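These notes concern the structure reproduced below.
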Amino acid sequence: MRAILTGAEPSAEGGRPTDMTKWVSTTLGLVVLVVGTVLVTLGVTEAARRGNTPEDRPAPSGSPSPATTGTVAAARVALAAADLTTPASCDDLLDSYIDRALDLVGPYGWDAGPIVMFDAAIPRARDSVAGAAESSAKAPMPTTSRVTSGETGTNVQEAGVDEPDGVKVDGDLLWRVQDDELTAYDVSGDEPRQLATLELPDVDDAELLLAEDRLVAVGHSDERGSRQGTAVLTVDASDPRDPRVVNEQHYTAELLEARLHDGVVRLVLRNGLPDLEFVHRYRPHQEDSAQRANEQAVRESTLDDWLPLRDGEQLLDCGSVAVPDDDDDPLGTTSVVALDPAEPAEAESTAVATAATAAYSSTDRLYLAVSPSSWGWGGPPCWEICDFAGPLLGGDDDGETELFAYALDGVATTLVASGEVEGTVRDRWAMDFAGDALRVAVGPSQATGDFNSVVTLREEGAELVEAGRVDDLGKGEEIKSVRWFDDLALVVTFRQTDPLYAIDLADADDPELMGELKIPGFSEYLHPLGERRLIGMGQDASLRGITRGAQAALFDVTDLTEPRRLDTVTYARGSWAGAGTDPRQFTWLPERRTALTVITHGWRTGYVSVLELGDDRMSNRMVEVEHGDEVSEVRLVPLASGKVVLVTGDEVTFFDL
C-alpha cells in the first residue's frame, strides 16, 4: 500500500523535515494551543525509564490470547491478496504501532506534520436512488428520481440506511432528544401531545436511531473519569409512556459515522495518536535528551493507548485489527462496531490500523477513505459526533486516497478489499455504491492535475481496481456537491461560477460526461424532484465569485446534454441555506409539490422557506421560527397523515402549510 498522508513537508533535498520546518510547525501548534483552538495535548512530565521488551510491557486490559485472535481474524478479514496483514499476537500488533510511531515523535511530542482540527458538522447530502439506462446514442438518457425522507422522518444519504437525528417518527409517535432529555409525543391529534420524558445519563449532544421498539442514542461520552469519546445508550421504547435505558456503552474514540440498516446499528470510531507522557524542550540544546525521553515514552506505550476501550476494557481482539503493510499510512485506528439494539451487549468489532477521514455506508457495503484532503487547516470537517481523539499524523502525502471495502451481513462486518485512487475525497457524500461499482468524486491533489474527476472502482479479489474515470471537471475549482443515481452523477464545482456536470454512469467501465451548465453561485445540496427536475440549495454569487446570500435554484435535467436553470429564489444578503451543511433541514413534500428548507440570516434568525413549485417556477413564503444557537435544531418532519411537525428549540408543533 503506497504512502498516503504526510507527517511533514520534506526538505528541498526530499529527506526529513528541516529544523526550520519543525520550528515553524511547533511554534504554530503552541500558539494555537494557547488560544484554545487546537486540541493537541503535550505532556510536560518526563517519561519514566524502564525496559520495553514484550515481556516487560503492561498487559492491555481485555486483550485476548494469540489463539483467540487468529480465529477472529479469519472471520472478519479476508485479504489474502491485499496489502494488509493481521498480527499473529498482541505483541506483534503493539510493535507495529510503536515502530510507526517512533518516526513521528520529536523533542516536542508528536512532532511531524500539520496539526489537524475537527469541527462538529453535518453532512452534505447526495442520495443514491433508482434510475437506469443503457449507454448508447439512442438509449434513454439517465434520469433523476424523486427522493423523500426516510421512514423515520430524516432526509438520509442512502435509501434504507437511517442516520442519527434529534427527531424520529414511528407512525403517530414522535421521539425528540434535546439537552440529553428524551421526550415522546403523540402526533395523531390536532396538536402534538407529550407522553413521557427520560433523562439520558452520561451523554452530551445525543442523537437518535430508531429500530422497532428500541431507540439508540449516540453522543459525546460524559462519563466521569473517561477519556473523551462516544456514548451509546439503548432505550426500550416499547411503552412510549415509560421509556427505559437498558444498556449503556462508552468508547474512548470519536464517532465518524453511525448508521442503521436492517435492524443493525454500525458505528465507525476513530482514534488518532495517543496522549502520552511526553516532555518537550524548554531550553536550548535539550533537543536530544527530550527526543530520547519521548521515544522511550512511545516504546513504553501499551495497546490501551492505541486501541479504543469500551467501558474500560479493550474493544478489539488483536487478530481483528488489519495492519497496512506500508508504514507510511497515517497512524491511528479506525474501528467498526456492529450491534443489534435488541441485544446491544453482543456487539461485534473489527478495525484497521490507520485513521480514516470519511466513511460511507450503503445497504451491503461500508467504505472507509483515508484522504490527504483532511490535512492542514483547509480540510473537510469530520461528520457526526466529533470528539478529539488525538492528532492524526504520519505518511507521505503522495496525493492518493486509500479506500477500504467492508461487506455487511447482519452484525458481521468483513474487510474484503482495499485500493487507492489519485486525488482527494472531500467527505462521505463523494462516495456511492451501485451495481458492483464504487463511484468516487475526487478533488485535485499533487498526484493529479488541477481538476476534479469521477472514478469508478470494482472489487477484484481483495483489491479495489479502477474501472473507469472522467477527468477535467471544474479546472481550478472545488467540488461543492454531488448527487448520485444508479446511472448518473451530478457534480457541482465552484470558484467564480457554478458548473453543474452531468455524468453518465450506465457503463461503469466507460463513464461519460454528457453536459454542463455554468451559472453564477453554487449549489451545496441537490435534491431530485422527479425524473426531470432538481432543486439546489446554496449560495448566490457575483460573476467574480463573491457570495452574497442563500439561493434556491430549480433545474431542468430533461436533456442531460444541456441542463437548464429554470428559476431561482434569492434570499437576503448574509443568509445561509441550512441544507447546504445539514440536509436534515430540507424536506420535500411531493404530493404538495412543496419544499421546506431552513434559511438562517446573520447566524441568529431562522426561517422556514416554503417553496411551492408550479409551471417551472418557484414561489416563496418565509416563516420566522427560531433564534440564536437553536436554529440548527429546526426540523420539519413529514407524517403519513400529510401533516408536518415543526421542531424548534422550545416547541414541537404542527407547521401551517
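So for the sequence shown, the UniProt record's numbering puts the first residue at 1; every next one is plus one.
For glycine and all other residues, C-beta sits at the position ideal for the given N, C-alpha and C.
The model shown is predicted, which means the values in this text are computed figures rather than measured ones.
- Comparing alpha carbon positions, the residue from Ser371, Ala412, Trp429, Ser453 closest to Gly419 is Ser371.
- Segment contact: the region 287-303 against the region 362-371, fewer than three CB-CB distances shorter than 8 Å; contact not assigned.
- The criterion of a C-beta distance shorter than 7 Å is not satisfied by Asp204 and Ala237.
- Going by DSSP, Ala297 is part of no beta strand (DSSP E) but of the alpha helix (DSSP H) stretching over 287-299.
- DSSP places Arg100 in the helix class (H, G or I) of the three-state scheme.
- Here DSSP, grouped into helix, strand and coil, assigns Leu543 to coil.
- 7 Å or more divides the Cβ of Asp162 from the Cβ of Leu233.
- Where Asp170 is concerned, the enclosing beta strand (DSSP E) starts and stops at 167-170.
- If the five residues before and after Ala338 are omitted, its C-beta is found closer than 6 Å to the C-beta atoms of Val264, Arg266, Glu348, Val411, Thr413, all from its own chain and listed in chain order.
- The beta carbon of Leu611 lies closer than 8 Å to those of Ile535, Ala552, Val569, Thr594, Ala595, Leu596, Thr597, Met618, Ser619, Asn620 in the same chain, with the five residues before and after it left out.
- Contact check for Ala184 against Leu195 passes: the beta carbons are separated by less than 7 Å.
- Out of Thr357, Gly229, Leu560, the CA that lies nearest to the CA of Arg428 is found in Thr357.
- For Trp484, there is no enclosing alpha helix (DSSP H); the enclosing beta strand (DSSP E) covers residues 478-485.
- His261 is positioned such that its CB atom lies no closer than 7 Å to that of Pro107.
- Note: Gln249 is bridge-paired with Val232 in the DSSP secondary-structure output.
- In terms of Cα proximity to Asp486, the closest of Lys643, Leu473, Ala506, Tyr501 is Ala506.
- For Trp603, no alpha helix (DSSP H) encloses it, and the DSSP letter there is neither H nor E.
- In this structure, the beta-carbon distance from Gly435 to Asn452 does not fall below 7 Å.
- A buried status is given to Asp165, since no fewer than 16 other beta-carbon atoms sit within 10 Å of its beta-carbon.
- Contact between Ser149 and Thr558 is absent: CB atoms are separated by about 25 Å, not below the 8 Å threshold.
- Under the three-state reduction of DSSP output, Arg428 falls in the helix class.
- Its Cα nearest to that of Asp202, the residue Glu248 stands out among Leu102, Arg532, Glu248.
- Judged by DSSP in its simplified three-state form, Asp615 adopts coil rather than helix or strand.
- The three-state reading of DSSP puts Ser238 in coil, since its state is none of H, G, I, E or B.
- The alpha carbon of Cys90 has as its nearest neighbour, out of Val105, Ser320, Gln446, Val268, the alpha carbon of Ser320.
- For His627, same chain residues with a beta-carbon under 8 Å away, outside a window of 5 residues either side, are Arg604, Thr605, Gly606 in chain order.
- By the criterion of a C-beta distance shorter than 8 Å, Phe555 is surrounded in its chain by Leu500, Leu517, Arg533, Leu534, Ile535, Gly536, Pro563, Arg564, Arg565, Leu566, once the five residues flanking it on both sides are discounted.
- Secondary structure note for Asp304: its alpha helix (DSSP H) is the uninterrupted segment 303-306.
- Where Gly189 is concerned, there is no enclosing beta strand (DSSP E), because DSSP gives it neither an H nor an E.
- Measuring C-alpha to C-alpha distances from Thr448 to each of Val245, Glu422, Asn155, Thr456 identifies Glu422 as the nearest.
- Counting of Cβ neighbours within 10 angstroms places Val465 among the exposed residues, the total staying below 16.
- Assignment of Leu366 by DSSP, reduced to helix, strand and coil, places it in the strand class.
- Rounded to whole angstroms, Asp616 and Gly538 show a C-alpha spacing of 19 Å.
- Annotation for Asp311: Gln249, His250 place their beta carbon closer than 8 Å to its own, counting only its chain and skipping 5 residues before and after.
- Ser641 is classed as exposed because its beta carbon has fewer than 16 other beta carbons within 10 Å across all chains shown.
- The beta carbon of Thr648 sits closer than 6 Å to the beta carbons of Val625, Glu626, Val634 from its chain, once the five residues preceding and following it are set aside; these are given in chain order.
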